[in-house]
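Per my numbering, the sequence shown runs over residues 8 to 286.
In this text, a Cβ means the ideal position worked out from N, Cα and C, and glycines have one as well.
Some notes on the structure that comes next.
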Amino acid sequence: MSAHSDGKAITRRRTAPDISTRKGQTPIVCLTAYTTPVARLLDHHVDLLLIGDSLGMVLYGMDSTLGVTLDMMIAHGHAVMRGSTQACVIVDMPFGSYQESREQAFRNSARVMSDVRCQGVKLEGGLEMADTVAYLSRRGIPVLGHVGLTPQSVNSLGGFKALGRNDETATRILDDAKAIADAGAFAIVVEGVTEVLGRQATEAIPVPTIGIGASSACDGQILVTEDIVGLFGDFKPKFVKRYAELAPAISAAVAQYAKEVRTRTFPSEEFCFGIKKES
Ligand code: KIV
8 MSAHSDGKAI TRRRTAPDIS TRKGQTPIVC LTAYTTPVAR LLDHHVDLLL
58 IGDSLGMVLY GMDSTLGVTL DMMIAHGHAV MRGSTQACVI VDMPFGSYQE
108 SREQAFRNSA RVMSDVRCQG VKLEGGLEMA DTVAYLSRRG IPVLGHVGLT
158 PQSVNSLGGF KALGRNDETA TRILDDAKAI ADAGAFAIVV EGVTEVLGRQ
208 ATEAIPVPTI GIGASSACDG QILVTEDIVG LFGDFKPKFV KRYAELAPAI
258 SAAVAQYAKE VRTRTFPSEE FCFGIKKES
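Structure representation (structure tokens):
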């Protein structure tokens, strides 16, 4: 048993319904994780770990999330499950794995659920995905929705910029959130919207909103872990707070290692196997 971020003692892995019941209560703490060692570090501090398709950009150096495959998500899903025992683990469905039809979405989500044994999947999209979200939810697949700035639609949205600044987009995003909540999503990520819209969406739907650049009015927050520890790129979106700068520390350690190897000061005796004395 251990204390958790909301102060309560927990003994088992959190589920999607556990997250749903947190609507309007202590804010839900979420972060991305892609690997076992990082999942181990985060597990005791968070309520939910997301294997985001952002891993394409953060780990693989892609210029968008569009090239991420289902196999990549499943491999990283396994890694995060191995490194965690308490967090609710959600796997992002990559571009092209669910948009074609609700049957395609079910087939691929079911593969993720049975293979990874995670607690649910995340799908991007609003009104146009509501039928799919209902189809999955009614068939035992917990769905985390994702509305507002949806990175898989970067080509149609014309880039990554905050949405909801005019009435038309604000109304559309609110309608999207309501449709996905009505369809049975257990919570909804709301990304890159104004403070007012983050608050309105949170008040308008009965399930938790998980904000990323959507204000503290949301029921929870999520960020990309590498962003908050300074391990991803030079560009920092406005909504990212840097809690640590690990890149200079890693760079300094590697520079010191390189210097010691070149001067034969590493490995010193302490790091070498000695010759066993015969008795
Ligand atoms: O892919 C991702 O990491 C995400 C979160 C940042 C919400 O979708």
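- With contacts defined as CB atoms closer than 9 Å, PHE193 and SER27 qualify as a contacting pair.
- Using a C-beta cut-off of 8 Å, the region 69-88 makes no contact with the region 236-251, since fewer than three inter-stretch Cβ pairs fall below that distance.
- Partner residues in the beta bridge of GLN228, as assigned by DSSP, are VAL36 and GLY218.
- In the three-state reduction of the DSSP assignment, GLU198 falls in the strand class.
- Look at LEU66: its beta carbon is at least 8 Å from all of the heavy atoms in ligand 1.
- DSSP, read as helix, strand or coil, puts HIS85 in helix.
- Beyond the five residues adjoining it in sequence on each side, ASP60 comes within less than 6 Å, by CB distance, of THR72, VAL75, ASP99 and PRO101 in the same chain, given in chain order.
- For SER61, the shortest separation between its Cβ and any heavy atom of ligand 1 lies below 8 Å.
- At a Cβ-Cβ threshold of 9 Å, VAL196 and ILE219 count as neighbours.
- In the three-state DSSP reduction, ILE212 falls in the coil class, being neither helix nor strand.
- Scanning GLY281, GLU198, SER108 and VAL87 for the CA closest to the CA of TYR41 turns up VAL87.
- Annotation for PRO149 indicates a beta carbon at 8 Å or more from all heavy atoms of ligand 1.
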